[in-house]
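Please read the structure below before turning to the comments.
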Amino acid sequence: MNFIVLGAGAIGCYVGGRLAAHGQSVCLVGRPHALQPIEQQGLKVTDLDGFDRTVPASALQLAATLADAAPSADSIILLCVKSGATESAARELVAACVPGTPVISLQNGVDNVARIAAMAPGLNVLAGMVPYNVVLRGAQVHRATAGHLQLQRDAVTERIAPVFNAAGLATVLPQDIRAVQWGKLLLNLNNPVNALSDLPLRQELLDRDCRRVFAALQTEALRVMARAGITPAQVTAVSPTLLPHVLRLPNWLFTRLAKRMLQIDATARSSMWDDLEAGRVTEIDALCGAVVRLAAQHGLAAPLNARMCALLGGPRQRLTGTQMRQVLGL
Numbered sequence: 001m002n003f004i005v006l007g008a009g010a011i012g013c014y015v016g017g018r019l020a021a022h023g024q025s026v027c028l029v030g031r032p033h034a035l036q037p038i039e040q041q042g043l044k045v046t047d048l049d050g051f052d053r054t055v056p057a058s059a060l061q062l063a064a065t066l067a068d069a070a071p072s073a074d075s076i077i078l079l080c081v082k083s084g085a086t087e088s089a090a091r092e093l094v095a096a097c098v099p100g101t102p103v104i105s106l107q108n109g110v111d112n113v114a115r116i117a118a119m120a121p122g123l124n125v126l127a128g129m130v131p132y133n134v135v136l137r138g139a140q141v142h143r144a145t146a147g148h149l150q151l152q153r154d155a156v157t158e159r160i161a162p163v164f165n166a167a168g169l170a171t172v173l174p175q176d177i178r179a180v181q182w183g184k185l186l187l188n189l190n191n192p193v194n195a196l197s198d199l200p201l202r203q204e205l206l207d208r209d210c211r212r213v214f215a216a217l218q219t220e221a222l223r224v225m226a227r228a229g230i231t232p233a234q235v236t237a238v239s240p241t242l243l244p245h246v247l248r249l250p251n252w253l254f255t256r257l258a259k260r261m262l263q264i265d266a267t268a269r270s271s272m273w274d275d276l277e278a279g280r281v282t283e284i285d286a287l288c289g290a291v292v293r294l295a296a297q298h299g300l301a302a303p304l305n306a307r308m309c310a311l312l313g314g315p316r317q318r319l320t321g322t323q324m325r326q327v328l329g330l
């Protein structure tokens, strides 16, 4: 199989690196400054379970654009760009890919597949969900939390799932990928909390005030989903409806009931924190913004998620959990 990773960031390099370490043909498409360290040093791929492998640059193809990657009829595109770059990626896909080319979106958010399909109706666009946090530093990519990739069920994904599993990318094909995406979005509502807190993920989750903000965003989103007739899938050990209650618990009880949630590398942070630090546009519109839009479609308001959109859309801010609660009126 010929895998082309469009968007050689943290997720793209981890998935592509694991596939390449397993002997698959992989091309990483990204900006020259991101690919240069890999070209010079190879790609070191590690995870919290002890996997540690360096894929030599000679075992990877590196390309600045999708056109340079020259997709063929047997190529499978793994789309890993940030949600804000979806339209520009779709234009690249239309220009470079033959009709019917499989494109698997491994992006955050719930709207990307529809947006790509609208711009590239001839392609086979499929949804995926990446559950874990991945950190990219230069030529090293590290998976810092656990979970299973979930891919939309299709003849293509039925063919590649065994390859992913053999490469150490534990993969399942759920019956309802849309429900899975909304379940993941509920978890991603912690991304803006983490970004504003300026704390590593584990430390932020041990801050009860930060968790209360996270829980409030989830509770509001669940109310909106219920009005829209959406039942989010359970993508963690705790059901979506129970998770806000668990998050609000005092630390002594939370740490006992949420041990798996706290199995995070000490230095891991959200991708939104990375974007803020680098001065990039964040994915807040694909996360909290999606809740706000869904609410409006069904005659509701989502003021807490709207406020987070405003906070992350302006100048860089750093707020404690207590300050966030005050800003949101909690």
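Residue numbers (full-length UniProt numbering): 1 to 330.
Just so you know, even glycine gets a beta-carbon here, dropped at the ideal spot from N, CA and C.
Predicted model, so just to flag it, every value in this text is computed and none were measured.
Taking a C-beta distance under 9 Å as the contact criterion, G30 and V281 do not qualify as a contact pair. If you draw a straight line from the Cα of A114 to the Cα of W252, it is about 43 Å long. At a Cβ-Cβ threshold of 9 Å, L196 and L319 count as neighbours.
Restricting attention to beta strand (DSSP E) runs no shorter than 3 residues, the UniProt domain "Ketopantoate reductase N-terminal" (4-152) encloses them at 25-29, 43-47, 52-55, 61-63, 75-79, 102-105, 124-129, 134-137, 140-143 and 149-151, ordered along the chain. Selection A118, L304 and D265 evaluated against I284 yields L304 as nearest (Cα-Cα). Across the set A278, V125 and G313, the C-alpha of G313 shows the shortest separation from the C-alpha of L287. In the three-state scheme derived from DSSP, where H, G and I count as helix and E and B as strand, V235 is classed as coil. Looking only at A59, D49, R316 and L62, the smallest Cα-Cα distance to D198 is reached by R316. With contacts defined by Cβ atoms closer than 9 Å, H298 and A167 do not form a contacting pair. The residue among Q218, L62, R211 and T241 with its C-alpha nearest the C-alpha of A8 is L62. In terms of Cβ geometry, E204 and N188 do not form a close pair [threshold 9 Å].
In this model, Q323 and L43 are separated by some 40 Å (Cα to Cα). Nearest C-alpha to S72 among I4, R153 and L300: I4. Scanning its chain for C-beta atoms nearer than 8 Å, with the 5 sequence neighbours on each side dropped, one finds around V213 the residues V193, G321, M324, R325, L328 and L330, in chain order. Residue pairing by DSSP puts V172 in a beta bridge opposite Q150. Here the C-alpha atom of A233 lies approximately 34 Å from the C-alpha atom of V98. Of the candidates N133, P37, R18 and A69, the residue whose Cα lies closest to the Cα of W273 is N133. Counting of Cβ neighbours within 10 angstroms places G128 among the buried residues, the total reaching 16 or more. About 5 Å separates the beta carbon of N2 from that of S75, a gap short enough to meet the 8 Å contact definition. An exposed status is given to D176, since fewer than 16 other beta-carbon atoms sit within 10 Å of its beta-carbon.
Taking every protein chain shown into account, the CB of D49 has fewer than 16 other CB atoms within 10 angstroms, so this residue is exposed. By the CB criterion at 9 Å, L60 and L28 fall inside the cutoff. Separation of A237 and T255 (C-alpha to C-alpha, rounded to the nearest whole angstrom) is 14 Å. In this chain, the alpha helix (DSSP H) harbouring P162 covers A155 to A166. About 14 Å separates the beta carbons of A67 and A90, which is beyond the 8 Å limit, so they are not a contact pair. Residue burial is scored here from C-beta neighbours: A144 has at least 16 other C-beta atoms within 10 angstroms and is therefore classed as buried. Distance from the CA atom of G122 to the CA atom of C13, rounded to whole angstroms, is 27 Å.
Distances from the alpha-carbon of Q140 to those of T46, D154 and S88 put T46 closest.
Rounded to the nearest whole angstrom, the C-alpha separation of I230 and Q218 is 14 Å. In the DSSP assignment, L247 falls within the alpha helix (DSSP H) that extends over L243 to L247.
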